[in-house]
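Protein chains in written order, with our numbering: chain S, 18 to 182; chain R, 18 to 182; chain Y, 18 to 182.
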């Protein structure tokens with residue numbers, strides 16, 4: 018039976034879910050820029066996927082990609098995420114968020130931006146990333162400006178072979 | 018009569034309105050940068066106004082300005098909106114949000130920023146923009162930096178005549 | 018006694034607190050960039066602290082630092098804050114938020130970014146900053162890119178002496 022108060026409770030729950038997912042996305046940037054790889058990996062589901070410069074599948078591979086490859090890719094990087102949308106359905110959610118991604122590699126400054134298309138899953142009462150897929154708008158040195166695309170790599174950092182068979 | 022639960026319901030409603038307006042502003046950036054002009058125009062009220070580089074009045078003129086003029090203004094543009102405030106009163110709301118606006122025109126990179134002063138209206142249960150008015154802080158090529166102002170134009174893209182009588 | 022509706026009320030209150038703190042952080046950027054120093058100082062508690070380029074303690078000193086020193090530091094500055102997290106406990110809260118800080122000084126463009134570690138306090142029903150502490154990631158002219166650190170100063174604008182005894 019739906020009582021007035023059980024109906025209100027559902028609406029509050031949805032607002033709380035929204036707040037938690039908002040905070041998950043923000044916290045992700047903080048731990049990523051802080052190079053806290055264990056914490057970063059823990060924000061994904063056990064079978065979670067990250068598809069950005071590389072495509073890592075599963076929490077263990079995500080941890081490996083970030084702690085071994087991303088860690089050595091640049092002296093510094095900073096993620097600024099804005100324009101957050103989300104659509105929540107029970108224990109699942111999807112949404113897009115824009116990103117500015119600035120970095121410093123071998124003393125050279127890089128500008129990049131794009132967006133994450135996210136899928137979320139509630140696991141044991143906690144929202145996690147089921148998948149983050151980045152679409153890059155541009156990726157270049159600061160002096161070249163808002164042009165170019167990143168070089169896509171394997172999880173171990175080697176460039177993806179051009180020939181696909 | 019105000020019952021405890023009808024009072025709670027009003028507070029929940031206000032939080033939901035806040036979430037919807039937040040998402041409207043974010044979604045606006047996604048469809049604008051994706052050049053989805055029909056969807057963009059649909060985010061305004063029938064009599065809505067956009068006052069940025071040009072001043073377009075009414076949904077039809079907003080559609081015309083974006084699909085015919087903005088579409089040809091640059092190969093790429095990206096809006097990053099932050100610092101969102103809003104004040105909701107029933108079916109109306111106002112608020113400010115900051116914007117970074119990066120673009121690429123004829124291979125040249127441009128930096129710009131400013132803020133939107135927004136008025137919102139709830140129409141048939143959905144929040145729409147009644148008016149978006151941009152104040153630009155700067156607008157210049159990337160190499161010149163955070164200086165200058167944009168050239169204001171008519172809806173058809175022609176420069177606004179200097180002489181006003 | 019906890020009734021179902023008093024429990025819901027607490028959850029709504031927490032969501033409202035979250036919305037108010039989010040808006041406080043956004044509004045801070047608007048009044049700072051607008052150089053509305055009185056309003057800016059009023060966002061801190063009477064004993065509030067600002068620790069950025071200088072360390073100002075108390076609302077009066079914060080007002081003095083911003084209105085006398087920051088006001089003359091640059092012709093223009095713009096703050097874009099994203100990635101907001103917060104943890105609320107009754108009348109206190111803590112959290113981090115990222116910042117891009119762009120400015121123009123003597124015609125030269127500067128890029129900077131960092132994050133605020135915030136402490137909030139509810140005073141007479143209104144959320145205020147108890148402390149904002151900035152960690153800078155970089156601070157440099159635009160042409161040099163995402164490198165360097167700012168020069169830390171005293172509240173009156175004089176550089177902090179190197180020798181500490």
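A virtual CB, placed ideally from N, CA and C, is assigned to each residue, including glycine.
Keep in mind it's a predicted model, so treat the numbers as computed, not measured.
Distance check for residue j and residue i, CA to CA, integer angstroms please.
i	j	result
residue 173/S	residue 147/S	21 Å
residue 88/R	residue 175/R	14 Å
residue 34/Y	residue 137/Y	11 Å
residue 113/R	residue 119/S	26 Å
residue 44/S	residue 90/S	21 Å
residue 60/R	residue 104/S	18 Å
residue 71/R	residue 132/R	15 Å
residue 127/S	residue 153/S	13 Å
residue 155/R	residue 156/Y	20 Å
residue 182/Y	residue 73/Y	Any reading at residue 182/Y must be qualified, since the residue scores a pLDDT of 44, below 50, and its modelled position is unreliable; no value is offered.
residue 117/S	residue 23/Y	42 Å
residue 93/S	residue 62/S	26 Å
residue 80/R	residue 96/S	33 Å
residue 161/S	residue 160/R	10 Å
residue 78/R	residue 57/R	12 Å
Does the CB of residue i have a neighbour CB from chain R at under 9 Å?
i	result
residue 151/S	no
residue 67/Y	no
residue 110/S	no
residue 37/S	no
residue 105/Y	no
Hey, residue i and residue j: beta-carbon distance below 9 Å or not?
i	j	result
residue 135/S	residue 110/S	yes
residue 76/R	residue 65/R	yes
residue 69/Y	residue 177/Y	no
residue 46/R	residue 84/S	no
residue 25/Y	residue 32/S	no
residue 37/S	residue 143/S	yes
residue 42/Y	residue 100/R	yes
residue 121/R	residue 163/S	yes
residue 139/S	residue 108/S	yes
residue 40/S	residue 102/Y	yes
Along chain R, which residues have their Cβ under 8 Å away from the Cβ of residue i?
i	result
residue 94/S	Under the 8 Å cutoff, chain R gives no residues; its nearest Cβ is about 17 Å from residue 94/S.
residue 162/S	121, 125, 126, 159
residue 166/S	Here the premise fails: no neighbours, minimum Cβ distance about 12 Å.
residue 63/Y	Result: empty, since nearest Cβ-Cβ is about 24 Å, beyond 8 Å.
residue 175/S	Near residue 175/S there are no residues of chain R at all, since even the closest Cβ is about 30 Å away, more than 8 Å.
Can you find a CB in chain Y that lies within less than 9 Å of the CB of residue i?
i	result
residue 73/R	no
residue 155/R	yes
residue 47/S	yes
residue 21/R	yes
Quick check on residue i - is its C-beta less than 9 Å from some C-beta in chain S?
i	result
residue 42/Y	no
residue 181/R	For residue 181/R, the predicted model reports a pLDDT of 49, less than 50, meaning its position is unreliable and no value from the coordinates is stated.
residue 50/R	yes
residue 114/Y	yes
residue 130/Y	yes
Note down, in chain order, every chain Y residue with its Cβ under 9 Å from the Cβ of residue i.
i	result
residue 136/R	The contacting residues do not exist; residue 136/R stays about 17 Å from chain Y at best.
Mind pulling the chain Y residues with CB within less than 7 Å of residue i?
i	result
residue 99/S	99
Run down chain S in chain order and give the residues with a C-beta less than 7 Å from the C-beta of residue i.
i	result
residue 117/Y	97
List, in chain order, every chain R residue whose beta-carbon is nearer than 7 Å to that of residue i.
i	result
residue 60/Y	Within 7 Å Cβ-Cβ: nothing; residue 60/Y doesn't reach chain R, min ~13 Å.
residue 26/Y	25
residue 86/S	By Cβ distance, chain R contributes nothing, its closest Cβ being about 27 Å from residue 86/S, past 7 Å.
For residue i, return the contacting residues in chain R, with the cut-off set at a CB-CB distance below 9 Å.
i	result
residue 91/S	The premise fails here: residue 91/S is roughly 20 Å from chain R at the closest Cβ pair, so nothing lies under 9 Å.
residue 31/Y	Within chain R, no residue comes near residue 31/Y; the closest Cβ sits about 11 Å away, beyond 9 Å.
**OP:** Counting only runs of 3+ residues fully inside the segment 51–88 of chain R, write out the beta strand (DSSP E) ranges in chain order.
**Re:** 61–68, 72–74
Subject >> Runs of beta strand (DSSP E) wholly within the segment 106–146 of chain Y (minimum 3 residues, chain order) >> reply: 109–122, 125–140
Subject >> Residue ranges of each beta strand (DSSP E) within the segment 142–176 of chain R, 3 or longer >> reply: 143–158
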